[in-house]
Amino acid sequence: MKTKASRKTITISWLIIIGIVLTTILMFYMREKFEAPSVKIIATEQSKQIAPKEQSEVIKEEPEIEKKLSIRPLGKVVYLTFDDGPSQLTGQFLDVLKEHDVKATFFMQGANLQNKNFQDNVRRATSEGHYVGAHSMTHNSKRLYTDGKFVEEMNETIAIIHDITGENPKLVRAPYGSVPGLDNEQLRNQIAKANIKIWDWTVDSLDWKLKNNPYQIVENIKNGTSRDIEVVLMHEVRQTLQVLPNIISFYKERGYKFGVYNDLLHFPLNFHNDERL
Numbered sequence: 161m162k163t164k165a166s167r168k169t170i171t172i173s174w175l176i177i178i179g180i181v182l183t184t185i186l187m188f189y190m191r192e193k194f195e196a197p198s199v200k201i202i203a204t205e206q207s208k209q210i211a212p213k214e215q216s217e218v219i220k221e222e223p224e225i226e227k228k229l230s231i232r233p234l235g236k237v238v239y240l241t242f243d244d245g246p247s248q249l250t251g252q253f254l255d256v257l258k259e260h261d262v263k264a265t266f267f268m269q270g271a272n273l274q275n276k277n278f279q280d281n282v283r284r285a286t287s288e289g290h291y292v293g294a295h296s297m298t299h300n301s302k303r304l305y306t307d308g309k310f311v312e313e314m315n316e317t318i319a320i321i322h323d324i325t326g327e328n329p330k331l332v333r334a335p336y337g338s339v340p341g342l343d344n345e346q347l348r349n350q351i352a353k354a355n356i357k358i359w360d361w362t363v364d365s366l367d368w369k370l371k372n373n374p375y376q377i378v379e380n381i382k383n384g385t386s387r388d389i390e391v392v393l394m395h396e397v398r399q400t401l402q403v404l405p406n407i408i409s410f411y412k413e414r415g416y417k418f419g420v421y422n423d424l425l426h427f428p429l430n431f432h433n434d435e436r437l
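Note that the working numbering has the sequence shown beginning at 161, numbered continuously upward.
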């Protein structure tokens, strides 16, 4: 009888052990099944808070984002650009642009920006949605290119723009264009390292030498326009101001939209075809 009782006790013990094991396995399976979604949610939320060790990985991804943004706009877009301001005419240029609901891109010289009589219109330009970029301090070819002061002068001009407007522009226009001024690759390397962007132009109005023949400016622009994306070089001079409504009408009739430069949507436009700039 004792033997039978002992065997019965052992059997019951094994059944209990097996039952515990099976219960544990079942509980583990059910826990994995029902808690998996919450684990995924937690992981998603934690990924928004980047740990210091992961920052290098995020930095590596940024150029890919920039690459996606570095595309030309779709459709027909014209960028009206004006060099050598601010000037006594800046306010009048802004009046015409406002009247026609057009935004433009200005490249201003540091020496002119330091003139306090012009600074209200510089602030007005940015407040009305125009872009103000740099065009050097001196516009002196020897100093900028031969002496290699390009980056220094552009940074100084950008700092003045910031002091006046609170903006931090990255786009500049090289006086006389990037060719031949920036033929020196070492100088372009310095510009790229400083994260300065450069725009040349696709249409040259030649307005600076047409003081007595303003309507030839319009003809030059018409003859030079052939692309979906056009960047028109003009200056803050009276003859250009006189025919600016005609220029705007021409592009509207051709079905162009008017673009204004955006630092976050930069696309390269320089005579060297340097993608870094």
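Note that the Cβ used here is the ideal one computed from N, Cα and C, for glycine as well.
- Non-local beta-carbon contacts of Phe-267 in its own chain, meaning distances under 6 Å to residues more than five positions away in sequence, involve Asp-243, Gly-293, His-295, Arg-333 in chain order.
- Taking the Cα positions, Ile-321 is about 32 Å away from Asn-372.
- Of Ile-381, His-426, Lys-353, the smallest CA-CA separation from Leu-404 is found for Ile-381.
- In this structure, the straight-line span from the alpha carbon of Leu-240 to that of Ile-408 is close to 9 Å.
- DSSP places Gly-293 outside any alpha helix (DSSP H); the residue lies instead in the beta strand (DSSP E), whose first and last residues are 291-294.
- His-395 has Asp-243 as its beta-bridge partners, per DSSP.
- The three-state secondary structure of Ile-358, taken from DSSP, is strand.
- For Met-268, the enclosing beta strand (DSSP E) stretches over residues 265-268.
- Scanning its chain for C-beta atoms nearer than 7 Å, with the 5 sequence neighbours on each side dropped, one finds around Gly-251 the residues Asn-281, in chain order.
- Between Gln-399 and Pro-374, the C-beta gap is smaller than 8 Å, which places the two residues in contact.
- As the crow flies, the alpha-carbon of Lys-417 is around 12 Å from that of Val-391.
- Boundaries cannot be given for Pro-428, as no alpha helix (DSSP H) includes it and DSSP labels it neither H nor E.
- Across the set Leu-370, Tyr-421, Thr-385, Glu-345, the C-alpha of Glu-345 shows the shortest separation from the C-alpha of Asp-434.
- Leaving aside the five residues that flank Arg-283 on each side, the residues in its chain whose CB is nearer than 8 Å to its CB run, in chain order, Ile-324, Thr-325.
- Excluding five sequence positions before and after Asp-360, the CB atoms of its chain that fall closer than 7 Å to its own CB belong to Gly-337, Ser-338, Leu-429, Asn-430, Phe-431, given in chain order.
- Straight-line measurement puts the Cα of His-426 at about 16 Å from the Cα of Thr-362.
- The distance from the Cβ of Ile-356 to that of Met-297 is about 14 Å, inconsistent with a contact at the 8 Å cut-off.
- If you ignore the 5 residues before and after Gly-384, its C-beta comes within less than 6 Å of the C-beta of Val-363, all in its own chain and listed in chain order.
- CA-to-CA, the gap between Leu-437 and Pro-329 works out to about 14 Å.
- Look at Asp-323 here: in three-state DSSP terms it is helix.
- Residue pairing for Asp-364: DSSP places it in a beta bridge opposite Leu-393.
- Take Leu-249, set aside five residues on each side of it, and the residues of its chain with a beta-carbon closer than 8 Å to its own are Glu-396, Val-397, Arg-398, Leu-401, in chain order.
- Between Val-378 and Ala-264, the C-beta gap is not smaller than 8 Å, which leaves the two residues out of contact.
- The Cβ neighbour count for Asn-272, taken over all protein chains shown within 10 Å, is at least 16; the residue is labelled buried.
- Beta-bridge partners assigned by DSSP to Phe-418: Val-238.
- For Leu-393, the closest alpha carbon among the candidates His-299, Trp-368, Leu-257 is that of Trp-368.
- Per DSSP, the continuous alpha helix (DSSP H) segment holding Glu-259 begins and ends at 250-259.
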